[in-house]
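Residue numbers (our numbering): 107 to 434. The beta carbon of each residue, even a glycine, is placed where N, CA and C say it ideally should be. Only a predicted model underlies this, so the values are computations on that prediction, with no experimental measurement involved. Beneath this line is the structure, given in structure tokens, with notes to follow.
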């Protein structure tokens, strides 16, 4: 009886040891499988990130090429920049694999499904907030002052959009102060940084609701710019030409989209009540140098949107900045 009990205990211990061994092996196998899955997911995510980066760079280079060729055409023909040109035509969402599969070394079945869309917008179709401050001379003799003509444009725009004028006064004063400090005082100060992009206008005191209303009509560019009368919105056109109400501005824009202005004199003749004082080469033009490029890339369930500012001078194009934006 004692021998049977001892044998039963030994079998029980062996069974328990076998179960522990199986559990340990299963745990190690699960951990190895999870580690392998995690490594493959990380590798796939990194590959997708690199592919997305290259596609976005390629799309931006494509936009720069379009602008360069348009600049070449303008240089030879003297044509104006308007919304009927190829650069102003949005690119509807297109599957990239349909283009890459034309290469015999690629197969559409092996390519990640990627869809690209985008558009180029004229940055000089909007009022440049940086124009509010005018810097004269250089060095120790530099002088900073508010531009009364540009401030009047913004005041008319704020009135059209029913926005609080005190916000404009505070923002312009802050911009004047920070520009003065940046030129003459190398020490840190309590003044806000000079905005480089539209969203940064909040640093000057503009509220989120005001920025939302201004977004289609106002921008921030790295230098003083002119308004392109061929691409401005009716609100901006009305604000930039004294005495031109919004209804007349809408009529001018509708006629302009059918027959763009060829030169500034043409605009003066066709805009009701315009004169060489109200439509001036100091504030208006029919050509542009700054453009915003919007690119939207869709990879499977991932959507990446990017915005860039491109400057074109003759046949040269350069990118001032690139930023990712939240998908709309």
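Residues near residue i by beta carbon distance below 7 Å, same chain, minus five either side
i	result
residue 259	233, 345 and 346
residue 121	none
residue 252	238, 239, 278 and 282
residue 356	340
For residue i, three-class secondary structure by DSSP
i	result
residue 329	coil
residue 377	coil
residue 417	strand
residue 423	strand
residue 409	strand
residue 250	strand
residue 367	coil
residue 223	strand
residue 347	coil
residue 336	coil
residue 153	helix
residue 123	helix
residue 387	coil
residue 404	strand
residue 317	helix
residue 241	strand
residue 128	helix
residue 393	coil
residue 262	helix
residue 144	helix
residue 287	helix
residue 268	coil
residue 303	coil
Neighbourhood of residue i by C-beta distance below 8 Å, restricted to the same chain and skipping five residues each side
i	result
residue 352	266, 340, 341 and 344
residue 181	420 and 421
residue 369	186 and 392
residue 427	302, 303, 414 and 415
Rounded Cβ spacing between residue i and residue j (contact assumed at less than 8 Å)
i	j	result
residue 335	residue 378	Not a contact, Cβ separation roughly 14 Å.
residue 177	residue 418	5 Å
Close beta carbons around residue i, own chain, < 6 Å, minus the five adjacent residues each side
i	result
residue 358	377
residue 430	412
residue 423	170, 173, 174 and 416
Kindly provide the ranges of any alpha helix (DSSP H) runs that are 4 or more residues long and lie completely inside the segment 161 to 209, ordered along the chain. For the segment 161 to 209, whole alpha helix (DSSP H) runs of length 4 or above, ordered along the chain, are 203 to 206.
Taking contact to mean at least 3 C-beta pairs separated by less than 8 Å, is the segment 278 to 292 in contact with the segment 407 to 427? Short answer: they don't touch.
Is the segment 132 to 146 in contact with the segment 379 to 387, if contact means three or more CB pairs nearer than 8 Å? Segments in contact, no.
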